[in-house]
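Numbering (my numbering), first residue to last: 44 to 110.
Written out as structure tokens, the structure is:
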């Protein structure tokens, strides 16, 4: 059975693109989903202020039994 880890990554889309890329590349497992938190500001302007990143952790190798 797979295990998952959820990370919250605060960001400003205009400045943190390289930080997000570095963060995603540093994860141990596979990225399953990136879920943005979209809020509305004045004049119907949509802003993403953080994302949730769901990571599937690598499965541990089964223990080998010595004969």
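Glycine residues also receive a C-beta, built at the ideal position from the N, C-alpha and C atoms.
Minimum length 4: unbroken alpha helix (DSSP H) runs contained in the stretch 50-74 | 60-69
Buried versus exposed call for residue 77 [16 or more other C-beta atoms within 10 Å across all chains shown] | exposed
Can you tell which of 101, 97 and 102 has the C-alpha that lies nearest to the C-alpha of residue 48?
-> 97
Neighbour-count burial assignment, residue 75, 16 or more Cβ in a 10 Å radius = exposed
Beta-ladder partner(s) of residue 80, from DSSP | 93
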